Structures are given as C-alpha cells and as structure tokens.
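> So the sequences go chain by chain: Y and L. Take 45 as the starting number for the first sequence in the numbering used here and just add one per residue. Take 140 as the starting number for the second sequence in the numbering used here and just add one per residue. Quick one: this structure, given as structure tokens, is what I'll be asking you about.
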Amino acid sequence: MLVQNLINLINLEADELLDNDTDNIPYINDAIDYLSFTLCSMADPEMITVSDITPNLVVPDTFVSFVPAKGYPVYIQSGIFCTTTGKTVPSVKYTTAKPHVSLVTDEIPFKDMYSSTLKMIASYLIKKKTYIPVEYTTVDKSFISDIVTSIKGAKGVS
Amino acid sequence: MLASDLLSELRLDLGDPAGTTYSDYQLMNSLNSVLRLVNISLQNISSSLIKKATTLTLTGGTAPLPDGFLSIYDVAAGSQSLLPQTGSLDLDDYTYRIIGNQIYANYDALNIIYLSVFTIVQTTDVLPVPDVFAELLKRYTKVFLAGGIDTSTATILPTIQSETYMLVASRERTKIVRKPSFYV
Numbered sequence: 045m046l047v048q049n050l051i052n053l054i055n056l057e058a059d060e061l062l063d064n065d066t067d068n069i070p071y072i073n074d075a076i077d078y079l080s081f082t083l084c085s086m087a088d089p090e091m092i093t094v095s096d097i098t099p100n101l102v103v104p105d106t107f108v109s110f111v112p113a114k115g116y117p118v119y120i121q122s123g124i125f126c127t128t129t130g131k132t133v134p135s136v137k138y139t140t141a142k143p144h145v146s147l148v149t150d151e152i153p154f155k156d157m158y159s160s161t162l163k164m165i166a167s168y169l170i171k172k173k174t175y176i177p178v179e180y181t182t183v184d185k186s187f188i189s190d191i192v193t194s195i196k197g198a199k200g201v202s
Numbered sequence: 140m141l142a143s144d145l146l147s148e149l150r151l152d153l154g155d156p157a158g159t160t161y162s163d164y165q166l167m168n169s170l171n172s173v174l175r176l177v178n179i180s181l182q183n184i185s186s187s188l189i190k191k192a193t194t195l196t197l198t199g200g201t202a203p204l205p206d207g208f209l210s211i212y213d214v215a216a217g218s219q220s221l222l223p224q225t226g227s228l229d230l231d232d233y234t235y236r237i238i239g240n241q242i243y244a245n246y247d248a249l250n251i252i253y254l255s256v257f258t259i260v261q262t263t264d265v266l267p268v269p270d271v272f273a274e275l276l277k278r279y280t281k282v283f284l285a286g287g288i289d290t291s292t293a294t295i296l297p298t299i300q301s302e303t304y305m306l307v308a309s310r311e312r313t314k315i316v317r318k319p320s321f322y323v
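The following block contains the structure:
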C-alpha cells in the first residue's frame with residue numbers, strides 16, 4: 045500500500061482535519077512507530093532479524109531489542125555490539141522497527157492487513173491534536189486498545 | 140543423539156519452537172550445567188561411561204596427561220600393572236606418579252585407563268551420554284532454566300546422582316544366572 049492510499053483512508057476517518065495530504069506524514073510515522081513497538085513486544089516474526097554479531101559492529105538505527113532480551117552473550121555499549129567472549133556470536137535474533145516514510149509515493153512498510161490499524165492510530169493522533177475538548181477522542185483510544193488486544197490474540201500472545 | 144535433537148524436544152516441551160523465550164545459548168548453557176553434574180555423578184562411581192583408554196609415550200620418564208583427564212583408573216606398562224608411588228620415594232619398575240598434569244614412570248610407554256570430563260557441548264555435537272539420559276537431561280535443564288538451581292545445588296546434585304546411578308547400574312556386568320538350589 046502506498047502512503048497516499050493510507051492518507052485517503054485517514055482523511056475519511058478524520059474528516060480531512062489537516063490542510064493538505066503531506067501534513068499526514070508525521071502522524072503516519074508516529075503510527076508506524078507505535079505499531080512497530082507493539083509487534084516487537086510480541087516478538088512477531090515479521091519484526092525479527094537474525095544475524096551474526098561480531099564485536100564492535102555498529103547497532104542498526106532500527107534495532108529495538110534482542111529476542112529473547114537476555115538470551116545471548118552480547119550487550120550494547122555506546123552504540124556498538126560487544127560480545128562477552130570477544131568472538132562472533134552467530135544467529136542472534138533481534139527485533140527492528142519499520143522505517144519511516146517521507147513521500148506520498150512511498151510504500152507503507154507493513155502488510156495491508158495493518159492498514160486499518162495504522163489509519164486508526166494516525167487518525168486518533170490527528171483528532172487528539174485538533175479536537176477541543178480532547179475527551180472526544182476517548183472512544184478512538186479505547187478502540188485502538190481493542191485492536192492491539194485483538195492482534196495479540198490473533199498471534200497467540202497473552 | 141545430537142544436542143540439537145535434544146534442544147528440539149526441549150523447545151516443544153517449553154512451548155517455544157521459535158526460540159523467542161529461550162535462545163539456543165540459554166538452553167545449551169543450562170544443558171552443559173546439567174551434564175557437568177552428571178559427569179560428577181559418573182565420576183563418583185567410576186562409571187565405565189566416562190572411562191577412556193590411551194597409550195602415552197614418555198619422554199625422559201614423563202608424559203603430559205591427556206586432555207579431559209579427570210582421574211586415573213589403571214596404569215600398565217605392557218603386561219605389568221603399576222601402582223601409585225607415594226611420598227618422595229624413587230620410582231621403580233612397579234610404580235608411577237602423577238604430579239600436576241604430568242605422569243612419571245620408568246618406561247617409554249604406558250597404557251592408561253582414566254576417567255574423563257565432558258567437554259562443553261555445542262548444538263551440533265553428539266551428546267556424551269546414551270539416549271536413555273535424554274529425559275534426565277531435559278528435566279534438569281528445565282530446572283536450571285527456571286533458575287531453581289541458584290540456591291539448591293546441594294539438593295539437586297544428590298537427586299541427579301541417584302537418577303544417574305539407576306541409569307548406569309550394572310552397565311559393565313553380564314547377566315548373572317543363579318544356579319538352582321538342587322543343582323549338583
């Protein structure tokens with residue numbers, strides 16, 4: 045799905061509260077971060093990278109955490125990977141966040157099945173910023189919480 | 140049985156096939172801890188499971204002990220069985236001495252049987268014990284993973300020992316058939 049397609053959905057949901065389409069992009073990036081952290085906390089396979097960790101390797105910007113968090117003879121210090129043995133540690137699993145978008149022609153970095161979730165999160169953030177009183181967005185917030193619970197249930201995470 | 144086969148069974152037992160709760164490193168670390176306790180248990184009864192035989196070539200009456208040496212079981216030079224020499228007495232043709240990681244004797248070669256230690260097992264290694272140990276290894280690996288070993292080493296070692304003894308009991312003996320009481 046393209047960013048523009050998601051913006052079209054957000055405009056329908058948020059009643060075109062923003063002046064132009066590109067104004068949606070920061071909110072979409074917030075939604076991407078929120079969904080990334082949610083899925084990373086579930087150790088979702090889509091978010092997991094497996095690689096060999098050599099000492100002094102620079103930690104990727106998108107790195108979130110090891111899976112399991114304390115399962116490897118590896119630690120991070122000053123932005124680089126260190127290994128307790130001083131040797132390469134093979135097959136280390138870690139989660140990474142999805143990249144941000146910057147153009148309406150960019151691809152949304154999630155599967156299409158997450159487009160509704162991204163739409164709701166971005167719309168909620170836009171409404172929360174715009175609505176007075178902010179309590180009007182309480183229902184949206186509650187609905188997003190239900191969606192996250194539903195995702196966890198679908199993925200077998202309690 | 141390969142260590143990776145045991146890990147696969149463990150992962151199913153733990154409900155963690157994807158390795159998101161426990162990494163292979165955590166499983167292997169706990170498995171190696173259990174193997175060390177099994178090793179101690181086997182050493183306590185001089186089990187044949189950890190006995191190894193080798194021939195050492197002596198230079199100037201001495202040779203380094205083999206890697207993984209734990210304790211000596213038997214020393215012979217040809218058909219002559221040797222005894223440990225005590226104190227500061229000189230070695231003769233019937234004795235040997237072990238100091239540090241060296242063995243001393245008045246021969247050019249020695250046939251020794253010794254009790255060995257398990258080396259650290261990697262996932263691709265064959266387990267140093269028979270498959271019948273799999274249940275014991277899995278059960279106590281889970282105990283280690285749960286962190287229950289921290290304060291209870293004193294209680295878990297005897298438990299592992301008693302189970303290990305049962306698994307290797309009479310391993311070196313053939314079946315003994317008792318003669319009937321009316322046998323003449």
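Think of the CB as a built atom: it goes at the ideal place given N, C-alpha and C, for glycine as much as any other residue. What you are looking at is a predicted structure, and each value in this text was computed from that prediction instead of being measured.
Counting only Cβ pairs nearer than 8 Å, list the residues of chain L close to lysine 137 (chain Y).
Ordered by position in chain L, the residues that pass the 8 Å Cβ test against lysine 137 (chain Y) are Gly158, Thr159, Ser162.
> Can you name the start and end residues of the alpha helix (DSSP H) that proline 70 (chain Y) belongs to?
Its alpha helix (DSSP H) spans residues 69–85.
> Beta strand (DSSP E) containing tyrosine 119 (chain Y): first to last residue?
Its beta strand (DSSP E) spans residues 118–121.
> Indicate the three-state DSSP secondary structure (helix, strand or coil) for lysine 190 (chain L) in the structure shown.
Three-state DSSP puts lysine 190 (chain L) in a strand.
> Looking at chain L, is there any beta carbon in it that lies within less than 9 Å of the beta carbon of tyrosine 30 (chain Y)?
Nothing in the structure corresponds to residue 30 (chain Y), since chain Y is present only between 45 and 202.
> Please check if any C-beta of chain A sits within less than 9 Å of the C-beta of glutamine 300 (chain L).
Checking the listed chains, one finds no chain A in this structure; the protein chains it contains are Y and L.
> Under the assumption that asparagine 68 (chain Y) contacts isoleucine 51 (chain Y) (Cβ atoms under 8 Å), give the Cβ distance between them as a whole number of angstroms.
Rounded, the Cβ-Cβ distance is 5 Å, consistent with contact.
> Would you tell me roughly how many angstroms separate the C-alpha atoms of serine 194 (chain Y) and serine 255 (chain L), rounded to the nearest one?
Going by the C-alpha atoms only, they are around 55 Å apart.
> Are the C-beta atoms of valine 111 (chain Y) and some chain L residue less than 9 Å apart?
Yes, valine 111 (chain Y) counts as interfacial toward chain L.
> With C-beta atoms as the reference, is isoleucine 211 (chain L) less than 9 Å away from isoleucine 252 (chain L)?
Against a cut-off of 9 Å, the Cβ pair of isoleucine 252 (chain L) and isoleucine 211 (chain L) comes out as a contact.
> What are the uninterrupted segments assigned as beta strand (DSSP E) that are 3 or more residues long and contained completely in the segment 119–195 of chain Y, given in chain order?
Whole beta strand (DSSP E) segments, 3+ residues: 124–127, 133–140.
> For a quick check, are the C-beta atoms of isoleucine 242 (chain L) and alanine 202 (chain L) less than 9 Å apart?
Yes, these two residues count as a Cβ contact at 9 Å.
> Taking DSSP as the reference, what is the three-state secondary structure of threonine 159 (chain L)?
Three-state DSSP puts threonine 159 (chain L) in coil, outside helix and strand.
> Report buried or exposed for phenylalanine 321 (chain L), applying the criterion of at least 16 other Cβ atoms within 10 angstroms of its Cβ.
Phenylalanine 321 (chain L) is exposed by the Cβ-count criterion.
> Name, please, each residue of chain L whose Cβ falls closer than 7 Å to the Cβ of proline 99 (chain Y).
Going along chain L, no residue has its Cβ under 7 Å from proline 99 (chain Y), so there is no contact; the nearest lies around 16 Å.
> When DSSP builds the beta bridges, which residues end up paired with serine 112 (chain L)?
A query on residue 112 (chain L) cannot be resolved here, the shown segment of chain L reaching from 140 to 323 and no further.
> Check this for me: beta carbons of serine 80 (chain Y) and alanine 141 (chain Y), under 9 Å apart or not?
Cβ atoms of serine 80 (chain Y) and alanine 141 (chain Y): closer than 9 Å.
> By the DSSP assignment, the beta strand (DSSP E) with alanine 202 (chain L) in it spans what residues?
Taken as a continuous stretch (DSSP letters only), the beta strand (DSSP E) holding alanine 202 (chain L) covers 201–203.
> For leucine 296 (chain L), I'd like the list of residues in its chain whose CB is within less than 8 Å of its CB, leaving aside the five on either flank, ordered along the chain.
Correct list, in chain order: Leu176, Ile179, Ser180.
> Compute the Euclidean distance between the alpha carbons of threonine 294 (chain L) and alanine 273 (chain L), then round it to the nearest angstrom.
Using only the alpha carbons, I get a separation of about 21 Å.
> Are the C-beta of glutamine 241 (chain L) and some C-beta of chain Y separated by less than 9 Å?
Answer no: the Cβ-Cβ gap between glutamine 241 (chain L) and chain Y never drops below 9 Å.
> Which residues of the segment 55–89 of chain Y have a Cβ closer than 8 Å to any Cβ of chain L? Give them in chain order.
Against chain L - using a Cβ distance shorter than 8 Å - the residues of the segment 55–89 of chain Y are Ala87, Pro89.
> Would you list the one or two residues that DSSP bridges to proline 223 (chain L)?
According to DSSP, proline 223 (chain L) bridges with L:Tyr235.
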